[in-house]
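Chemist: So the sequence lines, in the order shown, correspond to chains W and F.
Heads up: the first sequence begins at 2 in the working numbering, then just goes up one per residue.
Heads up: the second sequence begins at 6 in the working numbering, then just goes up one per residue.
By construction, the Cβ of each residue, glycine as well, lies at the ideal position given by its N, Cα and C atoms.
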Amino acid sequence: MTDKSTYKFYAMDHSYYSGKVRPYLRYKGIPYEEIVSTLWVYKTVIIPETGVRFIPVLQSPDGVFVQDTTDIIDFLEERFPDRPIYPSTPKQRLTALLFELFADEWLLFPAMHYRWSYVAHHEKWLMGEFGRIVGKWAPAPVRRAAGRKLSKPFQGFLPVLGISDETAPGIEASYLEFLALLEAHLSKYSYLLGSRPSMGDFALAGPLYAHLWLDPYPKAIMEREAPNVVAWIQRINAEDQPQGSFLPIDEVPETVLPMLAFIFREQFPILLDTVEKVATWVDDHPEKEYVSRGIGKHDFKVGGVAGTRLVFPYSQWMLQRPVEYYHGLNESQKEDVNALLNQVGGSEAMQVDIKKRLVRRNNRIAVDA
Amino acid sequence: MLSASEYEPYDAYLMDVSYFSGKLEAYLRYREVPFRKIEPDTRTLLNVIYPGTGLMKVPVVKMANGQWLKDSTPMLYWFDRLYPEASIIPKDPYVHFLSRLVEDYADEWLWRPALYYRWNYSQDFTLLGSRIATEVMGDVPMPRKLLGWYFGMRQRKVQIRGDGVRPENEAHVRDTYLKLLDSMQAILTDTPFMLGSHPTLADFGLFASMFRHFSLDPTPARIMRDRAPSVNEWVARMWNAKVSRLGTEQTLTDFSHSGYDYIFSDIGEVYLPYLADNAQAWSKGQKRFDFTAGPVTYPDLPVSQYRVWCRGELQRAYSGLTDEIREQVNKRLQGSDLEGLMNRFGVVESGLEHEYQLPLGKRYEPARGLLKLKLSVTGTPQDMPAANIQK
């Protein structure tokens, strides 16, 4: 059913960031075809066209390849201005950006932890899923064997992210805390900011659908603890979604505030430290054109438990989005937003001084010249 | 509840003689959900339900926002999330998993005895043939009597003989009903519903066959009245149950009643081995297979893709249990090796993993030309891989 207006979406069902873009494509009614990212597709399309080996990737009908979910969505927002997913008012828009930052970066903790620390519970599916990469027609045992081999790097990623036996209780406790807050909110509202999904919702759908709902072990937790979150996952992944609307007069629902407070308390210390580490690294490596994916280690806390993880400059790039949006507001808008930030313990954090601004160039992170 | 309002009211497509329609309708009535009952004729099945769901089957639901729901089990979960008060899905993971087992068993394994009792005995055959010819196929231009006879004969061929029933195993088919009646009689003599004060998933699952078949068709209904009056009473109680009258304060037990012993032993000794063999036959690309459990054999059964999916869902639920709960569940299966049954032949993909994600995420091409002609004569296949019909 491919015709000239169809976008190609290279993705995987159980892929974190594919789970962010897919419901977006459906909500916007963008004609697309999802293509399983097999080794062949990596070799012939993804690597040659993007230079990196990450999914999802979008290919437009006129041959433009876009990698990185934020870039994909922003690229499509320009081409498909109906049903905008960024609120136009400052408090709501900042909220959407903060949730995107949180969902893309912080929810990695529970998403990766529940997938790989409990892998024995769902290995049977997961390896088959990973194994799709060798091709649709490969027999199941071949796919599972390939899956086991190819998933090794992801499992090895846990210590890098700071997920260990020591931090596990902190991750589980803080995830359950967040899940309860989201459940309370979604028992009153269809989406984060009313009856229309925003960037924040799509970003949350990534980990909450592709990991925490598809994997049987965390799925059982979610079905038990958060039925309204499950309903929201189903809602946001459906086609023919009604458009709905954001709440009037830039209202950020009362039930969103505790989640924002959670974000500033749990995630921002990691982000602010990342900003400092990036500045130091850039000063130390004046010759480098690109910033490495990980630059040394830092201490962090999750759910009050201390651990060590790699410093990810990419997180700073994501942080720049809400911070720069905030600094671009005029005085009266800022006043409104400050009132919100004060309520959720975020005023100071948003004043962060980003000494070395990062950009994405050729699908890699580089210092803004 | 705010999130429910955007979906209300519902158009529920139901048929008065259909197994799964009774299950869903009982739930909608119990929850007092605003719905309009529509009994589709073949034209509606083909022109409305088929494009919306890919099936010519009931029950299906069209919501006020235009989205569709299908399949009674995912629908019950969908509605339960929208209407969480007096939830029918037990929260306790142990009770929840056992509920799913009982519901799945009731949905799939009672199908054969239900169809057997309906079409095997001449009195039931004549009565139901005539009802279906009038109520369901009223718009088909054929004499009623002939139509009813044709339909009944087709059911005998497909659903009885075609589902492995032979003179050697007929007693086992009848026993599946009779022993279940005895178990339910024991339970329902002690409590108003299968788990206590309120109907839950297990009740709705069992209600499908008990209401629309066993208590409706003359032969099994007579048996029910004589042998299990508490079940007979429960059928009526289920149909008349309302949350507004029962209240939202539930007192539920945990499947420890000894009446469940037989049900769990039949699940472990017969039903789960059947699901495993069916999945294996599917993975080998077979169309038919012979199934033997202990002394009974059902020869030449059709391989069901749908039941491969059912088993996958049970396997996922089982894998989601903590080790401790899994131990408990294993113990309740009356000595059957649940762990082994769940792992036997591994995970077999049904290809339907996305088919039942609600609300339905896709539209089906309306049937045209030859396909339309074919579907209007035969309906969509019994084993319902909508995804495959259009290939």
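(1) Near F25 (chain F), what residues of its chain come up, given a Cβ to Cβ distance below 7 Å and the 5 sequence neighbours on each side ignored?
(2) DSSP three-state call for G317 (chain F): helix, strand or coil?
(3) Considering only DSSP beta bridges, list what R310 (chain W) is partnered with.
(4) Report the neighbours of L81 (chain F) on chain W: residues whose CB is nearer than 9 Å to its CB, in chain order.
(5) So, at 6 Å on beta carbons, what are the nonlocal neighbours of Y276 (chain F) in its own chain, with the 5 sequence-adjacent residues on each side left out?
(6) Check whether the Cβ of G325 (chain F) lies closer than 8 Å to any Cβ atom in chain W.
(7) Taking beta-carbon pairs under 9 Å, can you tell me which members of the region 338 to 362 of chain F lie near chain W?
(8) Would you mind reading off the limits of the alpha helix (DSSP H) that contains E124 (chain W)?
(9) Give me the Cα-Cα distance between A176 (chain F) and Y122 (chain F), rounded to the nearest whole angstrom.
(10) Hey, is E332 (chain F)'s beta-carbon within less than 8 Å of any beta-carbon in chain W?
(11) So, with DSSP's three-state summary, where would you put R41 (chain F)?
(12) Rounded C-beta distance between T309 (chain W) and G163 (chain W)? I'm assuming under 8 Å.
(13) I need the DSSP call for V279 (chain W), collapsed to helix, strand or coil.
(14) In the DSSP output, which residue or residues are listed as bridge partners for I36 (chain W)?
(15) Identify every residue that forms a DSSP beta bridge with T302 (chain F).
(16) Quick check on the burial criterion: 16 or more other C-beta atoms within 10 angstroms. Buried or exposed for G317 (chain F)?
(17) Give the single residue among F:F260, F:Q310, F:F296 and F:R117 whose Cα lies nearest to the Cα of H218 (chain F).
(18) Could you pull the start and end residues of the beta strand (DSSP E) that A17 (chain F) belongs to?
(19) State the beta-bridge partners of V58 (chain W) as determined by DSSP.
(20) Which of helix, strand or coil does DSSP assign to W233 (chain W)?
(21) Going by the beta-carbon positions, is the gap between S235 (chain F) and Y218 (chain W) smaller than 8 Å?
(22) What did DSSP end up calling F198 (chain F) once you bin it into helix, strand or coil?
(23) What does the Cβ neighbour count give for A147 (chain W), buried or exposed, with the cut at 16 atoms within 10 Å?
(24) Does the distance from the CB of F405 (chain W) to the CB of S118 (chain W) come in under 8 Å?
(25) Note the first and the last residue of the continuous alpha helix (DSSP H) segment covering W107 (chain W).
(26) Nearest chain F C-beta to Y210 (chain W) closer than 8 Å, yes or no?
(27) From A221 (chain W) to H114 (chain W), what distance separates their C-alpha atoms?
(28) On the three-state DSSP scale, how would you describe G59 (chain F)?
(29) Contact check, L363 (chain F) vs Q235 (chain W) under 8 Å by CB: the rounded distance?
(30) Just how far apart, CA to CA, sit G157 (chain W) and F100 (chain W)?
(31) Per DSSP, K67 (chain F) forms a beta bridge with which residues?
(32) Any Cβ of chain F within less than 8 Å of the Cβ of K220 (chain W)?
(33) For T181 (chain F), is the classification buried or exposed, using 16 other Cβ atoms within 10 angstroms of its Cβ as the cut-off for buried?
(34) With distances taken Cα to Cα, identify the nearest neighbour of E277 (chain W) among W:Q244, W:I355 and W:F269.
(35) Is the shortest distance between the beta-carbon of K125 (chain W) and the beta-carbons of chain F less than 8 Å?
(36) Counting only C-beta atoms, is K396 (chain F) closer than 8 Å to chain W at any point?
Modeler: In short:
(1) P64, S77 and A213
(2) Assignment of G317 (chain F) by DSSP, reduced to helix, strand and coil, places it in the helix class.
(3) W:H299
(4) Going along chain W, no residue has its Cβ under 9 Å from L81 (chain F), so there is no contact; the nearest lies around 13 Å.
(5) Y110 and W114
(6) yes
(7) N348, G351, V352, V353, E354, E358, H359 and Q362
(8) V120 to F131
(9) 12 Å
(10) False, the Cβ-Cβ gap to chain W never drops below 8 Å.
(11) strand
(12) T309 (chain W) to G163 (chain W), Cβ: 6 Å. Contact.
(13) Helix, per DSSP.
(14) Answer is W:Y11, bridged to I36 (chain W).
(15) F:T297
(16) buried
(17) F:R117
(18) Looking at the DSSP string, the run of the beta strand (DSSP E) that includes A17 (chain F) is Y15 to Y18.
(19) W:Y11 and W:Q68
(20) In the structure shown, W233 (chain W) sits in a helix (DSSP, three-state: H, G or I).
(21) No. Outside cutoff.
(22) strand
(23) buried
(24) Not covered by the structure: residue 405 (chain W). The range shown for chain W is 2 to 370.
(25) Unbroken run through W107 (chain W): none, as it is neither H nor E.
(26) no
(27) Looking at the two C-alpha atoms, the distance is approximately 15 Å.
(28) coil
(29) 6 Å
(30) 27 Å
(31) F:D16 and F:W73
(32) yes
(33) buried
(34) Of the candidates W:Q244, W:I355 and W:F269, the one whose C-alpha sits nearest the C-alpha of E277 (chain W) is W:I355.
(35) yes
(36) Any answer about K396 (chain F) is weak, because its pLDDT of 35 lies below 50 and its placement is not dependable; what the coordinates show is given next. Not flagged as an interface residue toward chain W: K396 (chain F), since no C-beta distance is shorter than 8 Å.
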